[in-house]
Amino acid sequence: MLEADRLVKRFFGITAVDHVSFSVRAGEVVGYLGPNGSGKTTTAKMLTGLMETSSGTIRFQQRNIADDLIAFRRRLGYVPEEPHLYSFQSGREYLELVTRLRELPASVDRKTDALLALFGLSDAVNQPIAAYSKGMKQKILIIAALLHNPDLLIFDEPDSGLDVTTTLVLRHLVRALARQGKAILYSSHVLEIVEKLCDRVIVLHRGRVVADDSVASLRKLMTSASLEEVFAQLVMHDDPERTARDIAEVVVGHA
Amino acid sequence: MRDRLLTRHFLQRFLDHDLISPHADRHEVLAITCAMIVVSSLFLSFFLSLKYQFNVFLPPGLTSTLALDDRFFLASLAMIVMALVAVAEWDALVLDARDTAVLGPLPIDRWTIVRAKFVAVILLAAGFDAALALGPTVLRAWALPVKLPVTMIGALELTLAQAACSLASGAFGFVAVLAIRETIRALIGPAAFNRMSAALQAALGIILTTMLLLLPRSAGSVAATWLSHGRVPPAVVPPLWFVGLHETVVGGVVDGLPRSTPLPRYVAAERTATHLYQAVRPLFPRLAEISVIAMMLVFAAAIVASLWNNRRLPAETFRKAAFLSGMRRAVGRGAAATIVRHPAAQAGFSFTLQSLARSVPHRATMGVVVAVAVSLVVITSGAVDTSRVHGIAAAPLSALTLQTLILAVALTAFRHIVRVPAELRANWTFHLAWSGDERPFLAGVKRAALTVIVAPTLAILFLYGAFAFGPRFALGHLVAGVLLSWILIDLLFIGYRKLPFASSYIRSEDLKSVGPLYVLAALTGTVWFAEAERAAFGSVTSAVLFFGALVALGSAAHALDASRRRLRLPIDLDERPAGSTQPLELIR
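Residue numbers (the working numbering), protein chains in the order written: chain A, 138 to 392; chain B, 254 to 841.
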């Protein structure tokens, strides 16, 4: 359904994403992992067309998304990493703006109300977004991404700021949406979620794909018990325990 | 050391302002603002001094009386501009929840933070006040007729008094706003104040801008009007307090000069002016007293209220959804559904209303428009003898140009602010949800302008016209106004290929050359339209021709806009301003 082919993004000569290729099929949940600054968000922005690629192609159902970006976005739902919303609007006003801009029928308002209730935002929906916590903003973004029933969903760290219950709901929701045939790219730092949720995992390190396989295959390949260990072997060149000890020593030593 | 660091931090916070574009270099904006204030004050002072330079033999009586107008103008200007600075900085004048979040966890005594904030506010006020006072002070001696035998000491006294009065009146304006803000906050509490803060700020902004616009008209013949036969007692006009202070201290420098026989052309005027000045002179000590008391009162109120409000660091307060907000939402949704049908048009309509009401740069611009409109009404109502107007055909041009001018100003301002993004970082929403056709969204934006800007303006002007000139005049004028608005809104958006309130703002490079031409064309067009309107109501045939021509013009503008938009062009939401350096693209 979605294919990224040798994507490259350079900022002032620095390569943030370096020849990244992968595909996401219908009904598949693909985890996108990597440490801070590995290029996850840059990839997500290129996949949504919010950022131009330096080179490489993105195809959705065999068509280059750049040929008709608007048609592609009609079938895309995106939850960005940073919840930048219009702070002077209320949550409902924001969702109304999105539904009207997408030219969805007025009946979608009932869907909005139902989703707001299910995400526990009914009481806060008329308050200004400026008063929302990060988790509440994240919920608004998730609802906005789902309202038009997209075929492709890109989640860029959607669990950031969410409470435990909502994180669990989101996990089940992603699985349920995948069962309905939606292609899902799920970028997250929470390895446990990715391990339980994703059919396949792509690990990114310094802008390059260092692994692309199912969690089970990766575990088998790396002879590790968990995804966390696989991840550690792939991208962590320092021992986290030792780094933590060093930090503690610096903190105490410079007190 | 820590105090200085905190003070510098708070001074930088003054630049963290909603009215400054996130792309702008904030220090450059500050430098330009200060330069503009200094240059304007120098230019105005030079302009005020010209009358003395062109009348070198002006005798003392006339000089003293004329100088009262200058003192009144300069005191008012300093007071209003400094009050506007305080209104512009409004929330940054005091500690807020963000300061608590940043500084609260640090091991810094609360009073250290409060003291640093006080010092930063004082430095801000002092900087702007000094910039404003520079021109009148430096050029004070220049504003004396060359042949007037004022001694060097006298000139120095006048210069020092001018500096003191300019600084005092400016400080009064600034501190008065701070006192109003902090006293209300202390009285009603932070939560209630947060609910009304934006409205209070907007109201003060409109009042002060209106006063600034009306200042040139009201600063003439101060001795004969404000001080002698004014409709309001001098004791309730704050700029007069500082005029009184100035004259009490150094009024004698010019008025006390030996009277020789003036030139024949000045004899009668000098006698009248001397009598007038002598008649109002007893008022000055009283006004000076009031100025000192008023200064002490506003400073005391500001300090006491600020100390009370800062007895603990402010916490975040949020507005709860109330019945009113629900009702407002229902009205908004109802209006959007009835006035515009297409979903994207409804999005444009609602987003315009929300941006105009809640986004600071948009609200500030519309506040200036309201101030301009009020000023125009005040000026026109004073210039027209309403008892002689019994229909449009007999109306003076000034009465007919008012509506056209206000509509032109309001719609031009609206055309400008649609270019300013409501919140640049959030415009990815438009990227993702955009249908690719700007026409319905733009139609919604235009309908919103007609609904919330044009309709209330015409309604108020209709009531004013009906009251001042009679219902027949008001009705005919209203119909002309409706048609004119319809034409203007289409004309102003011809060729606009951006997304209102969402595309990034790119400053027009040719504004300096095109701006004056646009103003000239607008003024000429306004007069032509008023003449055509007056001529149209001379007979039924000419009225039919006039309205027919307007309908034809509106239809033509609409058709032209529609035909140009038939060709679908991609809309750039993230256009970047041209850099000050040429990129060579050496690295890719």
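Glycine residues also receive a C-beta, built at the ideal position from the N, C-alpha and C atoms.
Check, Outcome
"Is there a Cβ of chain B sitting closer than 7 angstroms to that of Ile225 (chain A), yes or no?", "Residue identity differs from the one stated: residue 225 (chain A) is Phe in this sequence, not Ile. Chain B contact via Cβ: present."
"If we cut at 7 angstroms on Cβ distances, does Tyr215 (chain A) have a partner in chain B?", "yes"
"Please confirm if Phe576 (chain B) has its CB atom under 7 angstroms from at least one CB of chain A.", "Its pLDDT being 48, under 50, Phe576 (chain B) is placed unreliably in this model, and the value from its coordinates should be taken loosely. Cβ-Cβ to chain A under 7 angstroms: no for Phe576 (chain B)."
"Could you name the residues of the region 185-209 of chain A whose beta carbon sits closer than 8 angstroms to any beta carbon of chain B, in the order they occur along the chain?", "Thr185, Gly186, Leu187, Ser191, Ile207"
"Within the continuous beta strand (DSSP E) that includes Ile151 (chain A), where are the two ends?", "151-161"
"Tell me whether the beta-carbon of Gly272 (chain A) lies closer than 7 angstroms to the beta-carbon of Leu255 (chain A).", "no"
"Any C-beta of chain A sitting closer than 7 angstroms to the C-beta of Gly587 (chain B)?", "no"
"Hey, how far is the Cα of Pro596 (chain B) from the Cα of Ala385 (chain A)?", "57 angstroms"
"When you compare only the Cα positions, how much space is there between Gln199 (chain A) and Asp288 (chain A)?", "14 angstroms"
"So who's on the other strand from Arg147 (chain A), going by DSSP bridges?", "A:Thr152"
"Within the continuous alpha helix (DSSP H) that includes Ser816 (chain B), where are the two ends?", "793-818"
"By alpha-carbon positions, which one of A:Gly318, A:Arg316, A:Pro295, A:Gln317 ends up nearest to Leu307 (chain A)?", "A:Pro295"
"To the nearest angstrom, report how far apart Asp271 (chain B) and Val627 (chain B) are at their CA atoms.", "25 angstroms"
"Using the beta-carbon of each residue, which ones in chain A are nearer than 7 angstroms to Glu676 (chain B)?", "Tyr223, Ser224"
"Can you name the residues of chain B whose CB is closer than 7 angstroms to the CB of Val235 (chain A)?", "Thr682, Ala686"
"If we ignore side chains and look at the alpha-carbon of each, how far apart do Asp260 (chain A) and Pro769 (chain B) end up?", "52 angstroms"
"List, in chain order, every chain A residue whose beta-carbon is nearer than 7 angstroms to that of Ala600 (chain B).", "Leu234, Arg237, Leu238"
"Looking at chain A, which residues of the region 604-628 of chain B have a Cβ within less than 7 angstroms of any of its Cβ atoms?", "Phe604, Gln607, Arg611, Ser612"
"Going by C-alpha to C-alpha distance, which of A:Phe159, A:Thr302, A:Cys335, A:Ser244 sits closest to His285 (chain A)?", "A:Ser244"
"Cα separation between Val780 (chain B) and Ile742 (chain B)?", "19 angstroms"
"Answer yes if the region 446-457 of chain B comes into contact with the region 354-368 of chain B, meaning at least three C-beta pairs across the two stretches below 8 angstroms, and no otherwise.", "no"
"DSSP on Pro614 (chain B), reduced to helix/strand/coil?", "helix"
"Measuring straight from C-alpha to C-alpha, what distance separates Ser481 (chain B) and Arg524 (chain B)?", "17 angstroms"
"Could you check what DSSP says for Ser244 (chain A) in three-state terms: helix, strand or coil?", "coil"
"Indicate the three-state DSSP secondary structure (helix, strand or coil) for Leu314 (chain A) in the structure shown.", "helix"
"Take Trp561 (chain B) and list the residues in its own chain whose beta-carbon comes closer than 6 angstroms to its own, dropping the five residues that flank it on each side.", "Ala439"
"Assuming Thr605 (chain B) contacts Phe754 (chain B) under a Cβ cut-off of 8 angstroms, what Cβ separation, rounded to an integer in Å, is found between them?", "7 angstroms"
"Counting pairs of beta carbons, one from the region 319-335 of chain B and one from the region 490-501 of chain B, are three or more of them closer than 8 angstroms?", "yes"
"List, from N- to C-terminal side, the alpha helix (DSSP H) runs of 4 residues or more that fit wholly inside the region 324-363 of chain A.", "328-334, 352-358"
"Mind checking who Glu542 (chain B) pairs with in its DSSP beta bridge?", "Its beta-bridge partners do not exist; DSSP assigns none."
"Would you give the residue range spanned by the alpha helix (DSSP H) that Gly390 (chain A) belongs to?", "377-390"
"Arg841 (chain B) to Thr380 (chain A), Cα distance in whole Å?", "Low per-residue confidence applies at Arg841 (chain B): pLDDT is 47, beneath 50, and the placement is therefore not dependable, though the value from the model is reported in the following sentence. Taking the straight line joining both Cα atoms gives about 36 angstroms."
"Starting from the C-beta of Met549 (chain B), find all residues in its chain whose C-beta is less than 8 angstroms away, skip the five residues before and the five after it, and write them out in chain order.", "none"
"Between Ala336 (chain B) and Ala429 (chain B), how many whole angstroms is the CB-CB distance? I'm expecting something under 8 angstroms.", "6 angstroms"
"May I ask you to list the residues that DSSP assigns as paired with Tyr169 (chain A)?", "A:Ser324, A:Ile339"
"Can you pull the chain A neighbours of Pro753 (chain B), defined as C-beta to C-beta under 9 angstroms?", "Those within 9 angstroms of Pro753 (chain B) in chain A number zero; the least Cβ separation is about 13 angstroms."
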